[in-house]
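Heads up: the sequence lines are chains U and F, in that order.
Those letters in the first sequence? Residues 1 to 309, per the numbering used here, in order.
Those letters in the second sequence? Residues 1001 to 1356, per the numbering used here, in order.
Idealized CB from N, CA, C, for every residue including glycine.
A short write-up of the structure that comes next.
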Amino acid sequence: MIVQMHGVEKRYGSAVALSGADLAVPDGAVMGIIGPNGAGKTTSMLIMSTLLSRDAGMVSVAGYDPATNPASVRRILGYMPDFFGVYEGLNAVEYLDFFASVQGIRPEARPAVVRSLLDLVGLTHKSSADVNTLSRGMKQRLSLARALVHDPQILVLDEPASGLDPRARFELRELIAELARMGKTVVISSHILSELQDISSHLAVVDRGRVMAQGSLAEIRSAMTSQVRITVRTRDEMIDEADGLLRAEPGVGELRTERGTLRFVFDGDDEASGRLLARLVAAELPVFEWRVETAGLEELFLKITEGAA
Amino acid sequence: MINPLASRELLTRFRNTRSSWFVSVWLLSAAGIGYLTYLAARETARSFFQFQGVGGGVALASAAMGGFMFEALAFLLLTGILFIVPAIAALGIVSERERLTLQLLQVSQLGPVQIVMGKLVSALAYMLLLIAAVAPIMAVPLFIGGVTLREVLSVLGMLIAITIMVGAIGTWTSARARSVRGAVGAAYVWVFVLVVVTGLASIGEVFLGQDERSGFFPADGREIYTLLPNPYLALVSAVEEPLSSSDLQGSFFFGPSTPFAVVNELLVRRQVGDPFMFMDQGFVAEPFAGDAFDDPFGQGARELPQRRGPVWVRSLLIYTIVTALALWRASVLVSAPASGSRRLRLPRKESADAAA
């Protein structure tokens, strides 16, 4: 695990931000952190990025404690907050060159670094544009380039897609996928659950200062629920027969019929759903479509955070 | 290696057309004020020598004029520094916080000391440019007479020391504040303390330290500590001693620094008579110093007290300590990770988000 948090606690006065949070990010993973407002996502990211100290617990980033060895953590970690810090009067090249200089990159190496980063984020054509004039999506991509300027092993991205239009969101998603292919470990938070579902290899659901569930999407799904949604399409005139047969099967619930289509929730694993299909076929019901849908991230998120304010 | 933060600040500051306008206005003002002080000095010298009937000749009048001009320019420059430096320095860190770039610096390889020094250097570089720009005007009295190169350099040196201290204070208030207005306001409060509060406090200290029986001050030979940090006094002190021994001794010329010159003498001496009975003491000349201080009431028999070292040495020591403390505190305030008791200092609108 390249990032580990164990029993981390953090208070802001009387408000509890983190209450025994445990998080483990595997090397090379794209870890999506989801949770409602006030859950502790940003606090977790600030702590692992060396910007905030914890009150209790253990944190390790590539073996370094961010509280006691922040310089080592900063060498291998790139942080992108949920805002874009702008310096007036700098163009994109100068902006990245400045952040390359504060990251200790030698002057002679900076032009090549800046060029390659602008190329990576698709902003080469905006090299000489004042950063203030860039669109929000471009600023986010430039911000990502800034976080990458010292070629960090780990990227911490706090709500990178917030406020972006669909096109910019797509481009950012592609960029993060490219970074994952490059072997970077990415920790990303978002309120846009579908975004995380598409790009994350792992997920952590944070709520009320605790990590409620974490792991790969499949692991979380199996841990949280064994239910699947099944859609069956058959002949209109045989719908009643199919309905009767399915209602008699254990694990079938919430059955609805609609012009040759049956939809229901089935509580069982892949083998059990396979056996169910075999029963329909054995009853000589023509099955034109058999679609099994696992629970979506949104559904899981709502289930996990059930009862939150 | 140049601090990257300072070089970036200077790049953007001097690329800005406002800066070139400001420098131009500053220079024109300095030249205008220099000329006006020259006229004022000429008139004052003329009327004084007519009044005294000294007829000391052109050389003496010219020297007095040069001294007056130099003194007035030095005081105006110091006043300009005390108005401009707090504002520039106090903008440094808090403006990074307001434009949401401070966190980006904190997670970089720059340490807190480098961040603070980068901001201080960029603020001071601008002010030092303004001082350097008016240095030739300050040197004009050299050609008129009455001022030595050593005095010009002493004044410039003291101005730089004061600039650094006020810049450090501004940087500290900037690191503390969450808004630009708060940072600049706090910086001006500290300048007010340095200039006005020290002056008022010193009056109280004089009264408290006066020997009731003899009327001598101070009763136990102690210093007026409250006035030592005063920048105007430090500036006067920086040139007072050389001037006292100049060829002009014996002349009498009232200038802006006269009250400070009196106080300076008061601080240098271990014991003097009634502090409000001094004759006027000039910045340019120290005419009746011997009579006024050594034998204020014509008693003649009192044993001369031992003199202390010049005030500017003690002032510089105080400035060094204040500068070091301010920069140290500023570094602590911008260091990350922010500890539990010291919450992450974000602009107000960001604070709520950070808690999320």
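- Tell me, please, which residues DSSP counts as bridged to Y79 of chain U. Indexing the first sequence from 1 puts residue 79 of chain U at position 79. BP columns for Y79 of chain U point to U:V156.
- Message: Tell me whether the stretch 1133-1149 of chain F and the stretch 1164-1177 of chain F touch, counting them as touching only if at least three CB pairs, one residue from each stretch, are closer than 8 Å.
- Response: no
- Message: Helix, strand or coil, according to DSSP, for M5 of chain U in the structure here?
- Response: Translated into positions along the first sequence, residue 5 of chain U becomes position 5. Three-state DSSP puts M5 of chain U in a strand.
- Inter-residue spacing [alpha-carbon to alpha-carbon] between I1318 of chain F and P1231 of chain F: For this step, residue 1318 of chain F is matched to residue 318 along the second sequence. For this step, residue 1231 of chain F is matched to residue 231 along the second sequence. Those two C-alpha atoms are separated by around 11 Å.
- In three-state terms, what does DSSP make of N132 of chain U? Against the first sequence, residue 132 of chain U aligns to sequence position 132. N132 of chain U falls in the helix class under three-state DSSP.
- If you run the structure through DSSP and keep just helix, strand and coil, what is G1032 of chain F? Sequence index remark: in the second sequence, residue 1032 of chain F carries index 32 (1-based). G1032 of chain F falls in the helix class under three-state DSSP.
- Could you have a look at K10 of chain U and say whether DSSP puts it in helix, strand or coil? Here residue 10 of chain U is taken as the residue at index 10 of the first sequence, counted from 1. Note: K10 of chain U maps to strand in three-state DSSP.
- Message: For F288 of chain U, count the other beta carbons within 10 Å of its own beta carbon; 16 or more makes it buried, fewer makes it exposed. Which is it?
- Response: Here residue 288 of chain U refers to the residue found at position 288 when the first sequence is read from its first residue. Looking at its Cβ environment, which holds fewer than 16 other Cβ atoms inside 10 Å, F288 of chain U is exposed.
- Measure the CB-CB distance between T68 of chain U and P1337 of chain F and report whether it falls below 7 Å. Locating residue 68 of chain U in the first sequence gives position 68, where the first residue counts as 1. Locating residue 1337 of chain F in the second sequence gives position 337, where the first residue counts as 1. Against a cut-off of 7 Å, the Cβ pair of P1337 of chain F and T68 of chain U comes out as no contact.
- Query: Distance, Cα to Cα, G28 of chain U vs A204 of chain U?
  - Reply: By 1-based counting over the first sequence, the position of residue 28 of chain U is 28. By 1-based counting over the first sequence, the position of residue 204 of chain U is 204. About 15 Å.
- Query: By Cβ distance below 7 Å, which residues in the same chain neighbour A1201 of chain F in space, the five residues on each side in sequence not counted?
  - Reply: As a first step, residue 1201 of chain F must be located in the second sequence, where it is residue number 201. Around A1201 of chain F: T1226.
- Are the Cβ atoms of R229 of chain U and V265 of chain U separated by less than 7 Å? Start at 1 with the first residue of the first sequence, and residue 229 of chain U comes out as number 229. Start at 1 with the first residue of the first sequence, and residue 265 of chain U comes out as number 265. For R229 of chain U and V265 of chain U, yes; Cβs fall inside 7 Å.
- Query: Applying the criterion that 16 or more other CB atoms from any shown protein chain within 10 Å of the CB defines a buried residue, is H125 of chain U buried or exposed?
  - Reply: If you number the first sequence from 1, residue 125 of chain U lands on position 125. It counts as exposed.
- Simplified DSSP assignment, three categories, for T231 of chain U: Taking the first residue of the first sequence as 1, we reach residue 231 of chain U at position 231. Strand, per DSSP.
- Message: Does any residue of chain F have a CB that is nearer than 7 Å to the CB of G89 of chain U?
- Response: The residue given as residue 89 of chain U occupies position 89 in the first sequence. It does: the Cβ of G89 of chain U has a partner Cβ on chain F nearer than 7 Å.
- Query: Do we get a CB-CB distance below 7 Å when we pair T50 of chain U with the residues of chain F?
  - Reply: Within the first sequence, numbered from 1, the residue matching residue 50 of chain U stands at position 50. Yes, because at least one Cβ of chain F sits closer than 7 Å to the Cβ of T50 of chain U.
- Message: Our contact map puts V1334 of chain F next to I1169 of chain F with C-beta atoms below 8 Å; I'd like the distance itself, whole angstroms only.
- Response: Within the second sequence, residue 1334 of chain F is the residue found at index 334, counting from 1. Within the second sequence, residue 1169 of chain F is the residue found at index 169, counting from 1. With a Cβ gap of about 16 Å, V1334 of chain F and I1169 of chain F do not count as contacting.
- Message: For chain F, check one thing: does any of its Cβ atoms lie closer than 7 Å to the Cβ of S19 of chain U?
- Response: On the first sequence, residue 19 of chain U is found 19 positions in, with the first residue counted as 1. Any Cβ of chain F closer than 7 Å to the Cβ of S19 of chain U would place that residue at the interface, and such an atom is absent.
- Message: So L1327 of chain F and L1120 of chain F are supposed to be a Cβ contact under 8 Å. How far apart are they, rounded?
- Response: Counting from one through the second sequence, the residue named residue 1327 of chain F turns up at place 327. Counting from one through the second sequence, the residue named residue 1120 of chain F turns up at place 120. Indeed, because the Cβ distance is near 7 Å, the residues count as touching under 8 Å.
- Item | Close-in-space but distant-in-sequence residues of the same chain around L1130 of chain F (CB under 6 Å, 5 per side omitted) | Here residue 1130 of chain F corresponds to residue number 130 of the second sequence, with the count starting at 1. For L1130 of chain F, where only same-chain residues beyond five positions count, the Cβ hits under 6 Å are W1026.
- Alpha carbon of G1157 of chain F to alpha carbon of D207 of chain U, nearest angstrom: Position 157 of the second sequence, counting from 1, holds the residue named residue 1157 of chain F. Position 207 of the first sequence, counting from 1, holds the residue named residue 207 of chain U. Those two C-alpha atoms are separated by around 60 Å.
- Message: Short of 8 Å in beta carbon distance, which residues of its chain neighbour L1110 of chain F, apart from the five on each side in sequence? Order them along the chain.
- Response: Residue mapping note: residue 1110 of chain F aligns to position 110 of the second sequence, counting from 1. Same-chain partners within the cutoff: P1004, L1005 and G1118.
- Every unbroken beta strand (DSSP E) inside the stretch 43-67 of chain U [3 residues or more]: 56-61
- Please look up how many angstroms separate the CB atoms of V3 of chain U and A21 of chain U, rounded, as I've assumed it's under 8 Å. Working through the first sequence from its first residue, we reach residue 3 of chain U at position 3. Working through the first sequence from its first residue, we reach residue 21 of chain U at position 21. Wrong, their Cβ atoms sit about 12 Å apart, outside the cutoff.
- State the DSSP-derived secondary structure class of L18 of chain U, mapped to helix, strand or coil. Numbered from its first residue, the first sequence carries residue 18 of chain U at position 18. In the structure shown, L18 of chain U sits in a strand (DSSP, three-state: E or B).
- Task: Tell me, please, which residues DSSP counts as bridged to T1148 of chain F.
- Result: The sequence position of residue 1148 of chain F within the second sequence is 148, counting from 1. According to DSSP, which records beta bridges pairwise, T1148 of chain F is partnered with nothing at all.
- Quick one, are the C-beta atoms of V1196 of chain F and A1087 of chain F less than 7 Å apart? One-based indexing of the second sequence puts residue 1196 of chain F at position 196. One-based indexing of the second sequence puts residue 1087 of chain F at position 87. For V1196 of chain F and A1087 of chain F, no; Cβs fall outside 7 Å.
- Query: Skipping 5 residues on each side, what residues in its chain have a beta carbon closer than 6 Å to that of D243 of chain U?
  - Reply: The residue given as residue 243 of chain U occupies position 243 in the first sequence. Here the set comprises T257.
- Neighbouring residues, chain F, relative to P81 of chain U (Cβ below 8 Å): For the purposes of this step, residue 81 of chain U is identified with residue 81 of the first sequence, where counting begins at 1. Those within 8 Å of P81 of chain U in chain F are L1100, Q1103 and L1104.
- Item | alpha helix (DSSP H) segments (min. 4 residues) lying fully within the stretch 1112-1198 of chain F | 1112-1138, 1140-1144, 1149-1176 and 1180-1192
- Does DSSP classify R1015 of chain F as helix, strand or coil? Sequence index remark: in the second sequence, residue 1015 of chain F carries index 15 (1-based). Residue state, collapsed to three classes: helix.
- Does the pairing of the stretch 108-115 of chain U with the stretch 60-78 of chain U give three or more beta-carbon distances under 8 Å? no
- Consider the Cβ of L1110 of chain F: report whether some Cβ of chain U lies at a distance smaller than 7 Å. Working through the second sequence from its first residue, we reach residue 1110 of chain F at position 110. It does: the Cβ of L1110 of chain F has a partner Cβ on chain U nearer than 7 Å.
- A282 of chain U - containing alpha helix (DSSP H), residue span: Translated into positions along the first sequence, residue 282 of chain U becomes position 282. Per DSSP, A282 of chain U belongs to the alpha helix (DSSP H) from D270 to A282.
- Query: Counting pairs of beta carbons, one from the stretch 77-96 of chain U and one from the stretch 33-40 of chain U, are three or more of them closer than 8 Å?
  - Reply: No: the two stretches stay apart, fewer than three of their Cβ pairs being nearer than 8 Å.
- Message: Tell me the rounded alpha-carbon separation between L1243 of chain F and L1142 of chain F.
- Response: Taking the second sequence and counting its residues from 1, the one referred to as residue 1243 of chain F is at position 243. Taking the second sequence and counting its residues from 1, the one referred to as residue 1142 of chain F is at position 142. A caution first: L1243 of chain F carries a pLDDT of 38, below 50, which makes its placement in the model too unreliable to give a value.
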